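Asks: I'd like to ask some things about the structure below.
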Ligand code: APR
């Protein structure tokens, strides 16, 4: 079976990482245009760095660990012969820490930095500032940015995502509000024969596109669903 899973912030909520679309419409006190767009970075790189430095530090705290949903996905992938692709919109490293192997982080990874001139990507856990030197070329200063996809930028590896969706037998969307495209449109790329399952606390604008909707917390519903699948 060809399985494609799409995860969003909801899968990491129970690990202590706030989701994006809280009731106040702000992301950790900021409007997204202030911190998560290329023009914000051009206008005020220090603010954008500070914002992502705080997010990165938070993710590095030892209490932030994969929960039962991340672990169940990794375990399923390890124990079955299905073709298994885990697409995540999350920039946290929890799927990787859980042991998932075939992970496609379509919105990038906060534990990586990217050179704005060469596109080089390097693992990164420290703060970034406009004075941070490139470790490979210390005279090059302030060229690194978080390797995350901002609003207005193209998500990564879209061609691969489209191909996988078009060939999927099972598509499972977990903890995503289905309002941010192109991720929200992936379900519509799957063939008519594909079983499409949405696992979320709430209904989403895309719920009607799924053949099955499961309402509940990911840490409970994902392991339950994967257990049923093995039988
Ligand atoms: N279990 C299951 N679902 C949950 C849980 C939980 N414990 N907690 C929250 N949810 C659901 C919410 O009901 C909501 O539908 O997770 C979803 C989270 O939605 P968003 O905060 O909008 O996150 P996401 O869909 O990942 O956002 C997409 O938007 O800001 C950008 O780039 C950012 O990747 C992000 C993208």
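In this note's numbering, the protein residues as written are 792 to 1022. C-beta atoms are modelled at their ideal positions from N, C-alpha and C, and glycine is treated no differently. Predicted model, so just to flag it, every value in this text is computed and none were measured.
In terms of residues, what are the limits of the beta strand (DSSP E) holding residue 942?
Replies: Counted from its first residue, the chain shown places residue 942 at position 151. Residue 942 -> no beta strand (DSSP E), and no H or E assigned at all.
Asks: Can you check whether the CB of residue 987 is closer than 8 Å to the CB of residue 1000?
Replies: For the purposes of this step, residue 1000 is identified with residue 209 of the chain shown, where counting begins at 1. For the purposes of this step, residue 987 is identified with residue 196 of the chain shown, where counting begins at 1. The answer is yes: Cβ separation under 8 Å.
Asks: Taking DSSP's pairing of strands, which residues face residue 961 in a bridge?
Replies: In the chain shown, counting from the first residue as 1, residue 961 sits at position 170. Partner(s): 794, 986.
Asks: Looking only at its own chain, which residues have a Cβ that is under 7 Å from the Cβ of residue 944, when we skip the five neighbours before and after it?
Replies: Along the chain shown, one-based indexing puts residue 944 at 153. If we look at residue 944 and ignore the five residues flanking it on each side, its Cβ neighbours are 829.
Asks: What do you reckon, is the C-beta of residue 991 under 7 Å from a heavy atom of the ligand APR?
Replies: Taking the first residue of the chain shown as position 1, residue 991 is located at position 200. Result yes, Cβ under 7 Å from the ligand APR.
Asks: Helix, strand or coil for residue 844 per DSSP?
Replies: Here residue 844 corresponds to residue number 53 of the chain shown, with the count starting at 1. Note: residue 844 maps to helix in three-state DSSP.
Asks: Okay, do the region 797 to 806 and the region 844 to 860 touch, 3+ Cβ pairs below 8 Å being the bar?
Replies: yes
Asks: Closest by CA to residue 845, which one among 859, 833, 1018, 820?
Replies: As a working note, residue 845 is residue 54 in the chain shown. Comparing Cα-Cα distances from residue 845 to each of 859, 833, 1018, 820, the minimum goes to 820.
Asks: Please list the segments of the beta strand (DSSP E) lying wholly inside the region 857 to 899, counting only runs of 3 or more residues, in order along the chain.
Replies: The region 857 to 899 contains, as complete beta strand (DSSP E) runs of 3+ residues, the segments 874 to 879, 894 to 896 (chain order).
Asks: Should residue 983 be labelled buried (16 or more other beta-carbon atoms within 10 Å of its own) or exposed?
Replies: For the purposes of this step, residue 983 is identified with residue 192 of the chain shown, where counting begins at 1. Residue 983 comes out exposed.
Asks: Would DSSP call residue 927 helix, strand or coil?
Replies: Here the question's residue 927 lines up with position 136 in the chain shown. Looking at residue 927 - three-state DSSP - the assignment turns out to be coil, as it is neither helix nor strand.
Asks: Using only the alpha-carbon positions, how far apart do residue 850 and residue 873 sit?
Replies: Here residue 850 is taken as the residue at index 59 of the chain shown, counted from 1. Here residue 873 is taken as the residue at index 82 of the chain shown, counted from 1. Each residue's alpha carbon lies about 31 Å from the other.
Asks: Quick one: Cα of residue 952 to Cα of residue 818, how far?
Replies: Start at 1 with the first residue of the chain shown, and residue 952 comes out as number 161. Start at 1 with the first residue of the chain shown, and residue 818 comes out as number 27. For residue 952 and residue 818, the distance between alpha carbons rounds to 27 Å.
Asks: Would you report the Cα separation of residue 918 and residue 847, rounded to the nearest angstrom?
Replies: For the purposes of this step, residue 918 is identified with residue 127 of the chain shown, where counting begins at 1. For the purposes of this step, residue 847 is identified with residue 56 of the chain shown, where counting begins at 1. Rounded to whole angstroms, residue 918 to residue 847 spans 8 Å at the Cα level.
Asks: For residue 990, tell me which candidate among 975, 932, 892, 966 has the shortest Cα-Cα distance.
Replies: The count along the chain shown starts at 1 and reaches residue 990 at position 199. Ranking the options by Cα distance to residue 990, first place goes to 966.
Asks: With a threshold of 8 Å, are at least 3 pairs of Cβ atoms found where one atom belongs to the region 900 to 909 and the other to the region 878 to 886?
Replies: Inter-segment contact for the region 900 to 909 and the region 878 to 886 is present: three or more beta-carbon pairs are separated by less than 8 Å.
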